[in-house]
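Number of protein chains: 2
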Amino acid sequence: MSHRQKALEYANTMRESFLEQLKDFVRIPSISTDPEKKAEMQAAAEWITAKLRDLGLREISIIPTEGHPVVYGECQCADRPNAPTVLIYGHYDVQPSEPDDLWKSPPFEATVRGENLYGRGASDMKGQVAATLFAVESILKNGKMPVNVKFMIEGEEEIGSPNLNSFMESHKELLACDVALNPDSGMIAADLPTITYALRGLAYFELRVYGPEHDLHSGLFGGVVHNPAQVISELIAGMHDQDGRITLPGFYDRVRPLSEEERAELAKLPMDEEYYKRQTGVPALYGEKGFTPVERVGARPSLDVNGLYSGFTGQGQKTVIPSWAMAKISTRLVPDQDPAAVFDQLKQYLMEKAPKTVRWELIQMSYGAASISDIHHPATQALANAFVSVWGKPPVYKREGGSIPVVGNMQRILGVESVLTGFGLSDDNIHGPNEKLHLPTWYKGIQTLVHFFYNYGEQG
Amino acid sequence: MSHRQKALEYANTMRESFLEQLKDFVRIPSISTDPEKKAEMQAAAEWITAKLRDLGLREISIIPTEGHPVVYGECQCADRPNAPTVLIYGHYDVQPSEPDDLWKSPPFEATVRGENLYGRGASDMKGQVAATLFAVESILKNGKMPVNVKFMIEGEEEIGSPNLNSFMESHKELLACDVALNPDSGMIAADLPTITYALRGLAYFELRVYGPEHDLHSGLFGGVVHNPAQVISELIAGMHDQDGRITLPGFYDRVRPLSEEERAELAKLPMDEEYYKRQTGVPALYGEKGFTPVERVGARPSLDVNGLYSGFTGQGQKTVIPSWAMAKISTRLVPDQDPAAVFDQLKQYLMEKAPKTVRWELIQMSYGAASISDIHHPATQALANAFVSVWGKPPVYKREGGSIPVVGNMQRILGVESVLTGFGLSDDNIHGPNEKLHLPTWYKGIQTLVHFFYNYGEQG
Chain A
1 MSHRQKALEY
11 ANTMRESFLE
21 QLKDFVRIPS
31 ISTDPEKKAE
41 MQAAAEWITA
51 KLRDLGLREI
61 SIIPTEGHPV
71 VYGECQCADR
81 PNAPTVLIYG
91 HYDVQPSEPD
101 DLWKSPPFEA
111 TVRGENLYGR
121 GASDMKGQVA
131 ATLFAVESIL
141 KNGKMPVNVK
151 FMIEGEEEIG
161 SPNLNSFMES
171 HKELLACDVA
181 LNPDSGMIAA
191 DLPTITYALR
201 GLAYFELRVY
211 GPEHDLHSGL
221 FGGVVHNPAQ
231 VISELIAGMH
241 DQDGRITLPG
251 FYDRVRPLSE
261 EERAELAKLP
271 MDEEYYKRQT
281 GVPALYGEKG
291 FTPVERVGAR
301 PSLDVNGLYS
311 GFTGQGQKTV
321 IPSWAMAKIS
331 TRLVPDQDPA
341 AVFDQLKQYL
351 MEKAPKTVRW
361 ELIQMSYGAA
371 SISDIHHPAT
381 QALANAFVSV
391 WGKPPVYKRE
401 GGSIPVVGNM
411 QRILGVESVL
421 TGFGLSDDNI
431 HGPNEKLHLP
441 TWYKGIQTLV
451 HFFYNYGEQG
Chain B
1 MSHRQKALEY
11 ANTMRESFLE
21 QLKDFVRIPS
31 ISTDPEKKAE
41 MQAAAEWITA
51 KLRDLGLREI
61 SIIPTEGHPV
71 VYGECQCADR
81 PNAPTVLIYG
91 HYDVQPSEPD
101 DLWKSPPFEA
111 TVRGENLYGR
121 GASDMKGQVA
131 ATLFAVESIL
141 KNGKMPVNVK
151 FMIEGEEEIG
161 SPNLNSFMES
171 HKELLACDVA
181 LNPDSGMIAA
191 DLPTITYALR
201 GLAYFELRVY
211 GPEHDLHSGL
221 FGGVVHNPAQ
231 VISELIAGMH
241 DQDGRITLPG
251 FYDRVRPLSE
261 EERAELAKLP
271 MDEEYYKRQT
281 GVPALYGEKG
291 FTPVERVGAR
301 PSLDVNGLYS
311 GFTGQGQKTV
321 IPSWAMAKIS
331 TRLVPDQDPA
341 AVFDQLKQYL
351 MEKAPKTVRW
361 ELIQMSYGAA
371 SISDIHHPAT
381 QALANAFVSV
391 WGKPPVYKRE
401 GGSIPVVGNM
411 QRILGVESVL
421 TGFGLSDDNI
431 HGPNEKLHLP
441 TWYKGIQTLV
451 HFFYNYGEQG
């Protein structure tokens with residue numbers, strides 16, 4: 001029996017043990033946003049280091065940051081010199097569990113019902129982190145690793161990874177690798193193995209429009225003052241044209257066009273108009289003309305008003321001309337848009353369009369670049385072939401509309417591409433009550449990762 | 001000496017006494033919105049009835065309503081049969097005094113500093129009610145009245161007069177009269193006696209736009225969902241055209257055009273662009289093309305967003321596509337617009353313009369008709385001539401942009417026109433701290449009212 005076969009068999013026989021170990025990990029309420037949970041955060045970090053120690057990895061440490069620490073460990077122990085190195089990214093922190101009364105079993109009890117393990121973090125992403133550990137274990141217990149691996153498991157993903165960039169900046173050599181494996185992105189469905197190859201970036205703003213010095217009586221002044229709530233509405237309305245295109249000057253100049261190959265690939269995804277209507281409950285979809293819904297979400301930029309406020313918003317009526325109005329506005333960006341340039345484009349738009357009847361202010365809140373990886377990258381191919389081995393079919397390639405800033409930040413800081421996948425499903429209810437992990441998919445995921453390491457080792 | 005002369009002289013010699021009596025009235029904290037002030041409301045009502053009793057009026061009573069009572073008293077005692085009857089409208093309630101620490105002397109102490117009496121209600125409108133009582137006193141102490149008078153002094157004006165309409169409905173005969181005198185409208189400046197001959201009406205709505213069933217992740221759905229905050233902005237933006245005209249279908253159909261005579265009259269008011277810029281602090285005015293600011297505020301309808309709300313409005317950022325958006329929208333109407341028709345016009349606009357990507361709801365909050373009175377009405381002429389006698393010049397005629405619903409309601413319920421005037425000044429700071437009454441203007445006001453009653457008696 002080949003080494004690979006032995007590892008796969010090991011993984012199969014260890015199912016019960018893997019599940020029990022994962023339950024222990026899920027039982028730790030490592031809620032990063034809760035200042036009362038410092039000890040639990042430490043416990044979760046220690047659970048991982050104990051596991052890394054069992055596997056015989058080196059350089060194992062819980063490295064402090066200004067916030068929660070990063071767990072590190074490596075195995076520079078490939079079966080041949082010059083084997084490639086995979087940096088495995090993950091996070092050990094979880095979202096708060098509230099509202100607890102909506103959970104059918106306590107969120108930190110790790111309960112199996114039917115084919116699923118229920119518990120906060122089971123899917124996002126303790127199950128995914130554990131799957132990488134168990135895949136590495138399956139290989140090491142039966143011989144040498146086909147690639148070198150490094151683990152970088154952070155504790156602040158659910159609060160926006162405020163200290164990860166500086167951690168990566170100051171540990172560039174330690175983290176040197178050929179590719180990053182990020183299993184924090186899930187599968188569209190249990191029968192649709194999925195590789196996410198692109199993520200949208202984000203640029204977030206607050207726009208404020210100032211009119212009269214204080215709220216005015218709408219009878220005494222209605223007709224001579226340009227109402228700031230009206231002005232902000234006019235400005236927002238002008239940010240899209242009739243075809244649903246964003247009008248900020250130069251906004252599309254650097255948008256990377258979709259290739260025919262990509263469009264054909266995206267067309268395979270089971271996410272048509274009906275899918276999005278079902279997901280959102282809207283009576284009809286909206287968006288940029290000339291693109292399918294899945295293209296609009298994945299491969300085209302968008303601009304949304306995330307919040308709007310002006311004047312009197314309580315019960316009943318108050319006849320006031322508000323003195324100011326506010327909008328939270330964010331853009332989702334695609335390669336090769338520059339988030340910093342979008343600030344200038346929005347500013348330019350406002351300079352051209354804002355009337356002389358008001359004053360305005362544009363506040364930049366945050367930004368992160370989009371990322372895209374080559375689906376012909378050797379690691380992506382290794383993963384795709386792994387999916388074929390386990391699922392009997394190639395994965396779908398998905399562009400993700402959301403933003404996972406660590407991917408772009410790794411590209412920028414470490415100069416490394418990420419392969420994004422994962423064995424969570426879209427109905428896992430991550431961040432919500434009754435989060436679950438589909439165990440048959442998870443077991444197949446461990447097998448897939450075993451294949452991935454071998455495939456990449458052979459190719460690399 | 002004529003009877004008129006004697007009355008005027010009496011008013012002159014009684015200045016100190018009138019002031020002392022007014023101070024007593026102002027000292028009563030008759031705050032209608034404060035449930036703790038029931039006794040003080042009663043005391044203010046009794047202060048008036050005591051005064052009416054001193055004057056020898058008849059049918060004096062404090063008539064209960066569902067809220068605060070109405071004070072009534074009449075003098076069907078004109079010097080000749082068939083003399084006209086003037087219904088004097090006023091209110092004895094005042095606004096709360098908060099914030100008290102901004103008052104230089106306690107709000108219910110009635111303090112004279114320089115030429116002014118300071119105290120809550122001194123200008124709005126205890127001083128005005130008292131002026132009518134003292135004018136009637138001046139006449140009655142020196143002979144018979146040239147007209148019949150009826151006093152209807154309510155206690156709920158500052159809380160929107162919720163019970164006055166039903167009071168008028170059920171007391172139509174008691175309140176029968178030839179004209180109403182409403183001294184709740186002030187003067188533009190101490191040297192500009194002012195008659196307000198038109199008031200704008202009001203129609204108030206809440207518009208709600210519903211999109212997805214719950215807030216969405218703006219990354220996962222940005223580009224396929226029509227954001228309700230964007231939709232409401234587009235709808236609001238479309239409610240005015242490039243010339244500042246309101247686009248609701250049929251909105252201007254019944255707007256009574258301004259006559260050349262009126263435009264000439266309004267042009268005399270010292271309320272130019274600079275005036276409105278100073279009053280509001282806006283960098284530039286806005287409004288319907290082809291009309292001066294004072295015409296736009298007084299004689300043209302307006303539409304304002306009074307409040308706007310959607311999504312996340314707190315500190316920081318949240319990348320959400322809001323599930324709904326809300327706008328409070330009100331229109332100020334002019335003769336002969338029908339407030340009920342405006343609801344249909346706004347609904348029609350929404351049916352035509354709201355996209356199929358959302359659901360919407362329009363809630364009618366309240367409405368009141370505009371009112372306008374003939375400046376050639378005998379009572380208006382009588383008042384204008386009275387101003388000439390006291391100020392040495394005719395009054396300016398002003399259209400008021402705000403709404404005083406009692407005027408339209410009296411027209412509708414009692415079938416009677418109102419003459420609106422008053423001796424408060426625009427810098428009296430009514431509703432604010434340090435409300436004051438300019439005493440030299442007030443004394444001239446009492447003289448003016450004496451002339452008015454004689455003039456109207458002679459004409460009527």
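Same order as they appear, the protein sequences are chains A and B.
So the first sequence is residues 1 to 460, counted in UniProt numbering.
So the second sequence is residues 1 to 460, counted in UniProt numbering.
For every residue, glycine included, the Cβ atom is placed at its ideal position computed from N, Cα and C.
Keep in mind that this is a model prediction, so the values were computed, not measured.
Cut-off 8 Å between Cβ atoms - residues of its own chain near T49(A), not counting five sequence neighbours on either side: Closer than 8 Å at Cβ, skipping near neighbours: I60, S61, I62, V71 and G73.
A327(A) versus L308(A): straight-line alpha-carbon distance, rounded: In a straight line, the C-alpha of A327(A) is about 4 Å away from that of L308(A).
Closer than 9 Å to chain A by CB, N12(B): no
Between the CA atoms of A341(B) and E66(B) - distance to the nearest angstrom: 30 Å
Length at least 4, wholly inside the segment 34 to 82 of chain A: the alpha helix (DSSP H) runs in chain order: 38 to 54
contact_flag[the segment 115 to 134 of chain A, the segment 429 to 442 of chain A] where n(CB pairs < 8 Å) is 3 or more: yes
Environment of N455(B) [buried if 16+ CB atoms lie within 10 Å]: buried
Boundaries of the alpha helix (DSSP H) in which N409(B) is found, first to last residue: P405 to L414
Member of K141(A), L133(A) and V112(A) whose CA lies at the smallest distance from the CA of A7(A): K141(A)
H91(B) (DSSP reduced to helix, strand or coil): strand
Other residues of its chain near A176(A): CB distance less than 6 Å, five sequence neighbours each side excluded: Within the same chain, A176(A) has no close Cβ partners at all.
C-alpha distance - G287(B) paired with V450(B), whole-angstrom precision: 41 Å
Beta-bridge pairing of M326(B) - partner residues as DSSP gives them: R208(B) and Y309(B)
CA nearest to the CA of E169(A), picked from M410(A), L235(A) and I188(A): The option with the nearest alpha carbon to E169(A) is M410(A).
Element boundaries [beta strand (DSSP E), containing W360(B)]: Boundaries of the beta strand (DSSP E) harbouring W360(B): R359 to G368, taken from the DSSP string.
Length of the line joining the Cα atoms of E9(B) and A131(B): 15 Å
Close beta carbons around T194(B), own chain, < 6 Å, minus the five adjacent residues each side: Closer than 6 Å at the Cβ level, and outside the excluded window around T194(B), lie M187, I188, P395, V396 and K398.
Closest by C-alpha distance to F453(A), when choosing among G401(A), P146(A), W391(A) and Y92(A): Comparing alpha-carbon positions, the option among G401(A), P146(A), W391(A) and Y92(A) lying closest to F453(A) turns out to be P146(A).
Nearest-angstrom beta carbon gap, V305(B) and A229(A) [assumed within contact, 8 Å]: 4 Å
DSSP-derived helix/strand/coil call for F151(B): strand
Reference A11(B), options E458(B), S138(B) and D178(B), closest by Cα: Ranking the options by Cα distance to A11(B), first place goes to S138(B).
Assigned exposure category for T331(A) - 16 Cβ within 10 Å defines buried: Counting Cβ neighbours within 10 Å, T331(A) comes out buried, since at least 16 surround it.
Stretch-stretch touch, CB-based, cutoff 8 Å, three pairs: the segment 254 to 268 of chain A with the segment 288 to 300 of chain A: yes
CB of G155(A) within 9 Å of CB of A45(A), strictly: yes
Near-chain A residues of the segment 303 to 317 of chain B (beta-carbon distance less than 9 Å), N- to C-terminal order: L303, D304, V305, N306, G307, L308, Y309, S310, G311, F312, T313, G314, G316 and Q317
Under 7 Å by beta carbon: chain A residues contacting V320(B): N306
7 Å Cβ cut-off: residues of chain B touching N227(A): D304 and V305
Through-space distance from G127(A) to G119(A), alpha-carbon basis: 10 Å
Which of helix, strand or coil DSSP assigns to L248(A): coil
Residues near residue 461(B) in its chain [Cβ-Cβ closer than 7 Å; skip 5 each side]: The requested residue 461(B) does not occur in the structure, where chain B is confined to residues 1 to 460.
Per-residue DSSP class, three states only, for S32(B): coil
Assigned secondary structure, L235(A) (DSSP; H/G/I helix, E/B strand, else coil): helix
Residues of the segment 438 to 449 of chain B with Cβ closer than 8 Å to any Cβ of chain A, in chain order: none
Cut-off 7 Å between Cβ atoms - residues of its own chain near E273(B), not counting five sequence neighbours on either side: Shown here for E273(B): same chain residues with a beta carbon closer than 7 Å to its own, the five before and five after excluded, namely L285 and P293 in chain order.
Cα-Cα separation, E417(B) to K277(A): Rounded to the nearest angstrom, the two C-alpha atoms are 58 Å apart.
Distance, M239(A) Cα to G290(A) Cα: 18 Å
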